[in-house]
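Chains as they are written, first to last, in the numbering used here: chain A, 13 to 234; chain B, 13 to 234.
Number of protein chains: 2
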Amino acid sequence: MRNKTLCASISDERLAILSALGRRWRVSAGQVVTWAGDANSHCANVISGALKVSASTADGREQIVGLLFAGDFLGQLFVNEASLTVTALTDTDLCAFPRADFERALASYPRMERLLLERTMASLHEAQERMLSLGRKDARERVADFLLDLARRTGMCGAAGEIRVLIPISRGEMAGFLGLTIETISRQLTRLKSDRVIDFSRGERECVILNSAVLEAIVNPA
Amino acid sequence: MRNKTLCASISDERLAILSALGRRWRVSAGQVVTWAGDANSHCANVISGALKVSASTADGREQIVGLLFAGDFLGQLFVNEASLTVTALTDTDLCAFPRADFERALASYPRMERLLLERTMASLHEAQERMLSLGRKDARERVADFLLDLARRTGMCGAAGEIRVLIPISRGEMAGFLGLTIETISRQLTRLKSDRVIDFSRGERECVILNSAVLEAIVNPA
DNA sequence: CGAACGCTTGAACATGATCAACTCCGGTGG
DNA sequence: CCACCGGAGTTGATCATGTTCAAGCGTTCG
């Protein structure tokens, strides 16, 4: 579902018209695409790569409120000032539109508008799940949640029920995402490792889920 | 904006057709409108009253993910199982639709679909702000945020810069909303009171903001 | 080689949760 | 009319979880 871009929702000739509005934009890892507080002039589709969307306090605390991958829609509509900062995690390809043009175009392509509505609802749903996490779950649960989510989305099954997962972000970004600190993330991961629930080599992004039943049990306590 | 219902977006004769799909539904305070896990068969507009939308863990921890007031849209679209519980906080009037009918109707009334998209985006934006709160702000900041929000929405100005606010929910619901406990809410409020920032009489829902500058300073730290 | 970075680990600390008592109030029933 | 009860709110003491501060390790990159 993530891989179906909004553009795929409209017929080819119309796509051509829309594409005329958009321009290809390459962003390298670490670059900021949108600063919170700037004028909200553009939106985009993610062609390839990964980005983080984050909100921050005035004194610099950061909470990642979402991650974007290929096919996802980037940007806020109907508001004049961006409230979020979008940063590329990897080298990224975007198809960017002036926001005003895009909003106008939406009205002409009902199928696209519907698809965007569905996606926005899905994002809202994710946000609601994460509010539950951030508000009510402890560090262990948040990390387990995160790993299972990852496994569900990208997990490759290995031998005896093992699931191999590539953690796509750094510890710092995990912390930003889960509302914790780097140290807490690290401690929880090593605890899961010494409990033989997961395995990974020091500093590696590669992670193997040895016992997903235990993870499920952490996520779904009695 | 909150008071403009979706129904107001379409012309009168069409409204009549849509209304034929909907039925008036009175809910008394405390009643549950939708249980998480049930079939997602209905959605509704809020005619009057107030409701809470909450997510819960299997073991009963609850996080309120949103509040609904007159004019707001109630329900999740495009999914077959409700993931959230909706509970009336006060006696409430709804205009309820079978979800399938409503989704079909959306396609016929582009103005309504657009309005719903705008609202969903606005809800998403609120959710993002709250993720920042839940993930990164301490109790004092969350309470200050909440009071200022309330003041902005419903505040009546009094004499010397005072703002009178009626807190529409119990301490328990504030706690559920802010991701804290009842005791923490109480302590933060009495602390603000002894700091002469707000005033209220024991147990009263009426609250006066004496010094909104201090609240702003708490919300927007150096 | 040295510096920088990502990650881990340890120790001390702080914040908010938990447990428990108590007040205030409104309703209910003797 | 008053005694009783239950719910909402407050307050205090203790405790646990996660943060903060600090150090150290292993890699990579200049």
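Note that beta-carbon positions come from the ideal geometry of N, C-alpha and C, so glycine has one too.
Would residue i count as contacting chain B if we go by Cβ distances under 8 Å?
{"i": "HIS54 of chain A", "result": "no"}
{"i": "ALA51 of chain A", "result": "no"}
{"i": "ASP71 of chain A", "result": "yes"}
{"i": "MET133 of chain A", "result": "yes"}
Any beta-carbon of chain A closer than 8 Å to the one on residue i?
{"i": "GLU228 of chain B", "result": "no"}
{"i": "GLU185 of chain B", "result": "no"}
{"i": "GLU195 of chain B", "result": "no"}
{"i": "GLY191 of chain B", "result": "yes"}
{"i": "PHE90 of chain B", "result": "yes"}
{"i": "LEU162 of chain B", "result": "no"}
{"i": "MET13 of chain B", "result": "In this prediction, MET13 of chain B scores a pLDDT of 35, lower than 50, which makes its location untrustworthy; the coordinate-derived value is nonetheless stated afterwards. So, not an interface residue."}
Who does residue i pair with in a DSSP beta bridge?
{"i": "GLY78 of chain A", "result": "A:VAL65"}
{"i": "VAL231 of chain A", "result": "Paired residues: none, contrary to the question."}
{"i": "ASN92 of chain B", "result": "In the DSSP output, where bridge partners are listed per residue, ASN92 of chain B has none listed."}
{"i": "ALA100 of chain B", "result": "B:LEU63"}
{"i": "PHE109 of chain B", "result": "B:CYS55"}
{"i": "ARG38 of chain B", "result": "B:ASP105"}
{"i": "LEU86 of chain B", "result": "B:ALA56"}
Using a C-beta to C-beta distance shorter than 9 Å, which residues of chain A count as neighbours of residue i?
{"i": "SER241 of chain B", "result": "Nothing about residue 241 of chain B can be read from this structure; chain B reaches only from 13 to 234."}
{"i": "PRO122 of chain B", "result": "ALA119, PRO122, GLU125"}
Could you work out which residues of chain B lie near residue i, taking near to mean beta carbons separated by less than 8 Å?
{"i": "PRO233 of chain A", "result": "THR69, ALA70, ASP71"}
For residue i, verify whether its CB is less than 7 Å away from any heavy atom of the ligand GDP.
{"i": "ASN57 of chain B", "result": "The ligand GDP is absent from the structure shown, which contains no ligands of any kind."}
Assign residue i to buried or exposed, taking buried as 16 or more other Cβ atoms, counted over all protein chains shown, within 10 Å of its Cβ.
{"i": "GLY78 of chain B", "result": "buried"}
{"i": "GLU216 of chain A", "result": "exposed"}
{"i": "LEU136 of chain B", "result": "buried"}
{"i": "ASP71 of chain B", "result": "exposed"}
{"i": "SER66 of chain A", "result": "buried"}
{"i": "ALA187 of chain A", "result": "buried"}
What does residue i reach in chain B if we use C-beta pairs closer than 7 Å?
{"i": "ALA139 of chain A", "result": "LEU136, ALA139, GLN140, MET143"}
{"i": "GLN75 of chain A", "result": "MET143, LEU144, GLY147, ARG148"}
{"i": "SER95 of chain A", "result": "HIS137"}
Interface residues of chain B around residue i at Cβ under 9 Å?
{"i": "GLU130 of chain A", "result": "LEU89, PHE90"}
Given 8 Å, three or more beta-carbon pairs between the stretch 145-164 of chain A and the stretch 179-198 of chain A: yes
Inter-stretch contact (C-beta, 8 Å, three-pair minimum) for the stretch 137-145 of chain B and the stretch 89-96 of chain A: yes
Three CB pairs or more closer than 8 Å across the stretch 169-183 of chain A and the stretch 102-120 of chain B: no
Sufficient close CB pairs (3 or more, under 8 Å) joining the stretch 114-124 of chain B to the stretch 42-51 of chain A: no
Three-pair Cβ contact test at 8 Å for the stretch 207-216 of chain A versus the stretch 124-134 of chain A: no
The stretch 78-91 of chain A contacting the stretch 56-64 of chain A, beta-carbon criterion three pairs below 8 Å: yes
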